[in-house]
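So the protein lines, in turn, are chains A and B.
So in numbering that gives the first Met the number 0 the end of the first sequence lands on 398, straight run, no missing numbers.
So in numbering that gives the first Met the number 0 the end of the second sequence lands on 82, straight run, no missing numbers.
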Amino acid sequence: MIERFIKYVNGYVKILLVGDSKERFLNLINARNIKIWDIVFNGEQITFYIESKNVKKLKIILRKTKTKIKVMERYGLPFFLFAYRKRKMFFLGLFVSWVIVYIMSLYVWNISFEGNFTHTDDELTKFLEDAGVKEGILKDDIDTTRIEKELRNEYFDITWASIEIKGTKLVIHIRENSSQYTENNEEEQVHGDIVCSKNAVITSIITRQGTPLVGPGDEVNNGDVLIQGKYQIIGDDLSVLEERPVKASGDVIGKVIYNVEFTMDREYTKKVYTGKESTSYIYDINGKQFTSCLYGNKYKKYDIITSYEQMKIGENFYLPVIMERKIYKEYEISKEIYTEEQAREVLDKKLQYILKKIEENTIQILENNVKIEVGNEECKVSGQVIALENIGSFGGTYE
Amino acid sequence: METFFEALNLPKEICPGALNVKLCGQYEAYIENYRSIIEYDASVIKLQGKGCRVKISGQNLKIICFSKDDMRIKGLIFEVKFY
Chain A
0 MIERFIKYVN
10 GYVKILLVGD
20 SKERFLNLIN
30 ARNIKIWDIV
40 FNGEQITFYI
50 ESKNVKKLKI
60 ILRKTKTKIK
70 VMERYGLPFF
80 LFAYRKRKMF
90 FLGLFVSWVI
100 VYIMSLYVWN
110 ISFEGNFTHT
120 DDELTKFLED
130 AGVKEGILKD
140 DIDTTRIEKE
150 LRNEYFDITW
160 ASIEIKGTKL
170 VIHIRENSSQ
180 YTENNEEEQV
190 HGDIVCSKNA
200 VITSIITRQG
210 TPLVGPGDEV
220 NNGDVLIQGK
230 YQIIGDDLSV
240 LEERPVKASG
250 DVIGKVIYNV
260 EFTMDREYTK
270 KVYTGKESTS
280 YIYDINGKQF
290 TSCLYGNKYK
300 KYDIITSYEQ
310 MKIGENFYLP
320 VIMERKIYKE
330 YEISKEIYTE
340 EQAREVLDKK
350 LQYILKKIEE
360 NTIQILENNV
370 KIEVGNEECK
380 VSGQVIALEN
390 IGSFGGTYE
Chain B
0 METFFEALNL
10 PKEICPGALN
20 VKLCGQYEAY
30 IENYRSIIEY
40 DASVIKLQGK
50 GCRVKISGQN
60 LKIICFSKDD
70 MRIKGLIFEV
80 KFY
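Here it is in structure tokens:
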């Protein structure tokens, strides 16, 4: 292998030997220690390979043996370079691109995290940025031990951190200790009332702490105090001896009425894609943008679908080039009218969505008398939804 | 010299000047300690050794490489003859 490589670098030629004293020629070559190989007898001629630098040495032997040679083929790097001697810029470009790739491989162009559950990638990225590690940093400048230590010191629930550099990608492996993860949720000693969050009629009230100000059947409005965050110590003479502030707590269930009303035109506009589309590419190289499309798009009405992709060589060699692909899809607007069935279907979907939203916060829907009316031009949805709901929420604190 | 090597019970391969011919099946031959090429064409290669000559006959005989002392031949070998 090495021998073949050396032969390629030095260059070698295939030579045709014509003459009678072939044996003498071979013996003389041998005597002069000139290396030739692959000697093939071909009729009256012999072909063989010889290193190009040795061809000149054959001159004397040829004269002695009265034979002639003809160079048939040339192989190797010197001949390749000679053939492409006018393509200097090509080789220069090749060299420059190699240098650029090498320089870029010295930097980190992508940071990813593995094993984080409670801490988001953004949060950790910001932390790393503050610690001086961001995309575009020299690999040698990354003090992995320091960052691992800082990560563990900053986040107590991170029990193990390891930084790995794969190509131009920085992978941060984290192990979080979820069992010991306890939020520092020592309840602050706050005092306050339970206030009403919606206009409602109270159906039941359970007070755990505080003084209830309302009872079942009472009509309350948004903002009213339902359970006061104080309790009074009353003496034998019914006078208030002491008033202690507490954090009011309790469940106040009330009937809440939701008015549902919305309209929709039967005529609607519909996007009809014409099938024509054009794509433009924008390359973001280290913050500078280059577009491949000089004329913009030629459509009047269009949707844009944008996707981003960071360029990389292989799996881990990320480059500082982000390709933004924009696909312009042309459409035309056509006006259409819903049939009665279609209109009902659309309205029903909207209504179900609203009911779902109401249901999320309620205990039970007691009544639902929302009706859908489909007119010739307009459709209407109207009615009331009555729901049982916890209307009390902790609001306000006492000083 | 040969008797000397025989007396010492040494392999005769290392006897200086002895023409060694090694065959690797029918397709390759390796010759050591030859002095010169007497004749070469596609069907016969005659080599001069120190005290003898060797004739290798065959078909499509090709010298893969050769130096002052050794030579490697490829091709379909029919016969190796010392004379």
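Backbone N, C-alpha and C define an ideal beta-carbon position, used for all residues, glycine too.
Residues of its chain near A/Tyr180, where Cβ-Cβ distance is below 8 Å and the 5 sequence neighbours each way are ignored: Low per-residue confidence applies at A/Tyr180: pLDDT is 48, beneath 50, and the placement is therefore not dependable, though the value from the model is reported in the following sentence. Annotation for A/Tyr180: Thr117 and Asp156 place their beta carbon closer than 8 Å to its own, counting only its chain and skipping 5 residues before and after.
Proximal residues, the stretch 112-143 of chain A versus chain B, C-beta separation under 9 Å: Residues of the stretch 112-143 of chain A whose Cβ lies closer than 9 Å to any Cβ of chain B: none.
Close beta carbons around A/Ile284, own chain, < 6 Å, minus the five adjacent residues each side: Only Val320 meet the Cβ criterion.
Listed by chain order, chain B residues near A/Ile38 by CB distance under 9 Å: What A/Ile38 touches in chain B: Tyr39, Lys61, Ile62, Ile63, Cys64 and Phe65.
Closer than 7 Å to chain B by CB, A/Asn26: Interface flag for A/Asn26 against chain B is set, since a Cβ pair is found closer than 7 Å.
Contact set between the stretch 9-25 of chain A and chain D, restricted to residues whose Cβ is under 7 Å from the partner: Structure shown: chain D not included; protein chains present are A and B.
Anticipated Cβ contact below 8 Å, A/Glu358 with A/Val255, distance rounded: Not quite, the Cβ-Cβ distance comes to about 12 Å (not below 8 Å), so this is no contact.
B/Tyr39 versus B/Ala17, B/Phe81, B/Gly57 and B/Val20, residue with shortest Cα-Cα distance: Closest by alpha carbon: B/Gly57.
Check whether A/Ile371 and A/Leu354 have beta carbons under 7 Å apart: Using a Cβ distance threshold of 7 Å, A/Ile371 and A/Leu354 do not count as a contacting pair.
Residues near A/Leu365 by beta carbon distance below 8 Å, same chain, minus five either side: Lys254, Ile385, Ala386 and Leu387.
Contacts that A/Asn32 makes with chain B (C-beta to C-beta distance below 9 Å): Residues of chain B passing the Cβ test: Ser66 and Lys67.
Residues from the stretch 19-40 of chain B in contact with chain A, defined by Cβ distance under 8 Å: From the stretch 19-40 of chain B, only Ser35, Ile36, Ile37, Glu38, Tyr39 and Asp40 have a Cβ closer than 8 Å to chain A.
Residue from A/Val200, A/Lys133 and A/Ile201 whose Cα sits closest to the Cα of A/Ile171: Taking only the C-alpha atoms, the option nearest A/Ile171 is A/Lys133.
Rounded Cβ spacing between A/Asn315 and A/Gly166 (contact assumed at less than 8 Å): Confirmed, Cβ separation roughly 3 Å.
Interface residues of chain B facing A/Asn400 [CB-CB closer than 8 Å]: Here chain A covers residues 0 to 398 and nothing more, so residue 400 of chain A does not appear.
Length of the line joining the Cα atoms of A/Phe24 and A/Lys65: Approximately 9 Å between the Cα atoms of the pair.
Among A/Arg243, A/Ile362 and A/Val380, the one whose alpha carbon lies nearest that of A/His190: Nearest option by C-alpha distance: A/Arg243.
For A/Ile136 and A/Tyr106, believed in contact at Cβ under 8 Å, the rounded distance: With a Cβ gap of about 7 Å, A/Tyr106 and A/Ile136 count as contacting.
Any chain B beta carbon closer than 7 Å to A/Asn109: Using a CB distance cut-off of 7 Å, A/Asn109 does not count as an interface residue toward chain B.
Neighbour list for A/Asn315 in chain B, Cβ cutoff strictly below 8 Å: In chain order: nothing, as chain B lies at least about 45 Å away.
At least three beta-carbon pairs within less than 8 Å, the stretch 147-154 of chain A to the stretch 91-101 of chain A: With the cut-off at 8 Å, the stretch 147-154 of chain A and the stretch 91-101 of chain A do not touch.
Integer-rounded CB distance, given that A/Phe289 should sit under 8 Å from A/Val380: Incorrect: roughly 51 Å between the Cβ atoms, too far for contact.
C-alpha distance - A/Phe4 paired with B/Phe3, whole-angstrom precision: Rounded to the nearest angstrom, the two C-alpha atoms are 45 Å apart.
Same chain, Cβ closer than 6 Å to A/Thr278, neighbours up to 5 away in sequence not counted: So the list reads Ile326, once near-sequence residues are dropped.
Residue range of the unbroken beta strand (DSSP E) whose run includes A/Lys67: Residues Lys67 to Tyr74.
Interface flag, A/Asn29 vs chain B, CB-CB below 7 Å: Yes, its Cβ sits closer than 7 Å to a Cβ of chain B.
Cβ distance (whole Å) where A/Asn221 is taken to contact A/Lys197 below 8 Å: The Cβ separation is near 6 Å, so the contact holds.
Per-residue DSSP class, three states only, for A/Leu365: The answer is strand: DSSP assigns A/Leu365 an E or B state.
Nearest residue (CA-CA) to A/Asn53, options A/Leu127, A/Asn29 and A/Gly216: Comparing Cα positions, the closest option is A/Asn29.
Selection from A/Ile390, A/Ala82 and A/Ser111 that minimises the alpha carbon distance to A/Ala199: Checked all of A/Ile390, A/Ala82 and A/Ser111; the closest Cα to A/Ala199 is A/Ile390.
8 Å contact criterion, which A/Thr305 and A/Glu323 should meet: CB distance rounded: A Cβ-Cβ separation of about 6 Å places A/Thr305 in contact with A/Glu323 under the 8 Å criterion.
Proximity of A/His233 and A/Glu241 at Cβ, strictly below 7 Å: Looking at the sequence shown, residue 233 of chain A is not His but Ile. Their beta carbons are not under 7 Å apart, which means A/Ile233 does not touch A/Glu241 by this criterion.
Segment limits, beta strand (DSSP E) that includes A/Ser291: For A/Ser291, there is no enclosing beta strand (DSSP E), since its DSSP letter is neither H nor E.
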